[in-house]
Each structure stands twice: as structure tokens, then as C-alpha cells.
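Engineer: In numbering that gives the first Met the number 0, the protein residues as written are 0 to 231. From the three backbone atoms N, C-alpha and C, an ideal C-beta is built for every residue, glycine too.
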Amino acid sequence: MRYSFTEAEAASDESGKGDFFGGLHISLTYLDSEGYILLKNENILQKINDSKLLSDATVYYLAPKLQELLDWRILSISFEISEYNRIYEKFQNINLLLSYGHNLLWEKLEKLLREKGKLFPPKTIVDQFCTAKKYYQHLESINIEGINLTFFETKAEQKYLSCAISSIISRYLFLEEVDKLSKSLDYELPLGASSAVVRAFGVLHRKRGFKAEQYCKTHFKTLEEAKRLPSA
0 MRYSFTEAEA
10 ASDESGKGDF
20 FGGLHISLTY
30 LDSEGYILLK
40 NENILQKIND
50 SKLLSDATVY
60 YLAPKLQELL
70 DWRILSISFE
80 ISEYNRIYEK
90 FQNINLLLSY
100 GHNLLWEKLE
110 KLLREKGKLF
120 PPKTIVDQFC
130 TAKKYYQHLE
140 SINIEGINLT
150 FFETKAEQKY
160 LSCAISSIIS
170 RYLFLEEVDK
180 LSKSLDYELP
190 LGASSAVVRA
200 FGVLHRKRGF
210 KAEQYCKTHF
220 KTLEEAKRLP
230 SA
């Protein structure tokens, strides 16, 4: 078994942070013994892994099954690209935006568990994008008292089952958004922020009615690089 499970846990992770096209999607998974048994009975545990280590096809296979099995135990928030750009313009800091988004889900989980008469899990994990100290400082800067969490760890999705599930759901939501954007343009948008992305922008920028803020993270340096291309 890739992941051990000994007590209730919850973890949050995001997808899309480093991608030029598409927005940001954050998910939180609460995993109790009942949820774990549901996964075990469906023989799905051995397929779960950090989404970065899975093919897109596997993510598309797993995510709907996990959502169906775990139901209310999975929470997500999506800042699709136009909304992402509006919020980033306000915050001007990606880690502040991430802290804000992750905390929204933790607040929602706390309220949900209270309504269900369940205890907040003893093990709470954020796949680390900044230190715990910085996380709470970011929240304090926008007058939010963050939910008290126990672990901020890098590569948490390779250590905790709940975080691996969150990574799969977030990746799935991100891929769905990029697919929707691609269809609206009749052009397959590349992922990441590589030279392929720069070339794609060069093609798209010439399309009538194309607005970068509806497809791209406009604060990325990639945008300025792409605009300098002769083809753009």
C-alpha cells in the first residue's frame, strides 16, 4: 500500500499555479475511517498517487470516482482565469492568493464538520507553498485569522492519502478548465509555462477578439516574453 492511514486527516493542495493558461484550483479532502473503507472496498487505493506522477488519463479516470465515493468529504474552490486575474490584481502576490484560497476551504470544512457533529481531524496538512509563518502573515494582512493547521509540508501529496486525493481533484478541475478554454478557441492550449506556451500565445494573439486576460495569467513574465515575439 502506497499510503498508510491511522487516524482522520485532511489536506489541501492546488493545481494551475505554474501554468500560463488557465486559472487556479484548490481542493481539500477530509478522510475519516468511513471514507477510507469506501476507498478500500472499491479497490481504488493502489491507484491513488500524487497527480504529478499520474497521466492525465488516469486523473480523468480517478477524479469522478473519488468525488462520487467521498462526496461531501471533498471541497474545492476554482478561480477560473478571468476571476483569477481580477483577484491577483487586488492581492499582487500569488502566495497571498493561495493562502486566501486554502483558508476558505479550511473554514468551510470546520463549519461542515461542526454541522455534522464530527471533530476537526488531529492531522491537518497543507502542501507547502510557503512557510506556516508566512501563511498566517498573509492571512493577517487581509484581516483573516486563519484556521490552525498542524503540518505544512513539501511533497505532502506523496506522504498523505488525503493530500494525494486533493492533488488529483485539483488537477482534474484545472484540466477541465483548460479543455473548456481550448474548445472556445478551437486551439489546444499547452500546459505549463514553456516555449510551447509562448509560441501558442503568438498564434492566439493574432486571433480577432482574443483577450489575454480571459485565457492567460497576465502577471506571468511569460506574457511579456510572448508579446515580444515577431509573430505576436
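Rounded to whole angstroms, what's the CA-CA distance from F4 to Y135? Just pull it up for me.
Structural biologist: Here residue 4 refers to the residue found at position 5 when the sequence shown is read from its first residue. Here residue 135 refers to the residue found at position 136 when the sequence shown is read from its first residue. Answer to the nearest angstrom: the Cα atoms are 28 Å apart.
Engineer: Around the Cβ of R85, are there at least 16 other Cβ atoms within 10 angstroms (buried) or fewer (exposed)?
Structural biologist: Here residue 85 refers to the residue found at position 86 when the sequence shown is read from its first residue. The residue is exposed, with fewer than 16 neighbouring Cβ atoms inside 10 Å.
Engineer: Secondary structure at E8, three-state DSSP: helix, strand or coil?
Structural biologist: Here residue 8 refers to the residue found at position 9 of the sequence shown. E8 falls in the strand class under three-state DSSP.
Engineer: Which two residues bound the contiguous beta strand (DSSP E) that contains E152?
Structural biologist: On the sequence shown, position 153 is the one that residue 152 refers to. That run of the beta strand (DSSP E) goes 150-152.
Engineer: Quick check on the burial criterion: 16 or more other C-beta atoms within 10 angstroms. Buried or exposed for G21?
Structural biologist: As a working mapping, residue 21 is identified with position 22 in the sequence shown. Buried, since its Cβ has 16 or more Cβ neighbours within 10 Å.
Engineer: Based on Cα-Cα distance, which residue from L222, Y171, V202 lies nearest to L53?
Structural biologist: One-based indexing of the sequence shown puts residue 53 at position 54. Ranking the options by Cα distance to L53, first place goes to Y171.
Engineer: Using only CA atoms, which one of L111, K115, F151, L103 lies nearest to K122?
Structural biologist: For this step, residue 122 is matched to residue 123 along the sequence shown. Minimum Cα distance to K122 is reached at F151.
Engineer: So does the segment 105-121 actually touch the segment 50-66, counting three or more Cβ pairs closer than 8 Å?
Structural biologist: With a cut-off of 8 Å, the segment 50-66 and the segment 105-121 do not count as touching, because too few Cβ pairs lie within range.
Engineer: Have a look at D18, E144, I36, S11 and flag the residue whose alpha-carbon is nearest the alpha-carbon of T28.
Structural biologist: In the sequence shown, residue 28 corresponds to position 29, counting from 1. Among D18, E144, I36, S11, the Cα nearest to that of T28 belongs to S11.
Engineer: Below 8 Å CB to CB, which residues in the same chain sit around E223 once its five sequence neighbours on both sides are set aside?
Structural biologist: On the sequence shown, position 224 is the one that residue 223 refers to. Result list for E223: empty, nothing under 8 Å.
Engineer: Tell me the DSSP secondary structure of E33 in three-state form.
Structural biologist: Translated into the one-based positions of the sequence shown, residue 33 becomes position 34. Here E33 sits in helix by DSSP.
Engineer: Is P120 near A199, with beta carbons less than 8 Å apart?
Structural biologist: Reading the sequence shown from its first residue, position 121 is the one you call residue 120. Reading the sequence shown from its first residue, position 200 is the one you call residue 199. No; because the gap between Cβ atoms is not below 8 Å, this pair is not in contact.
Engineer: Roughly how many angstroms separate the alpha carbons of S140 and S77, rounded to a whole number?
Structural biologist: Counting from one through the sequence shown, the residue named residue 140 turns up at place 141. Counting from one through the sequence shown, the residue named residue 77 turns up at place 78. Going by the C-alpha atoms only, they are around 22 Å apart.
Engineer: Which ranges would you report for the beta strand (DSSP E) in the segment 108-191 if only whole runs of at least 3 residues count?
Structural biologist: Runs found: 122-126, 150-152.
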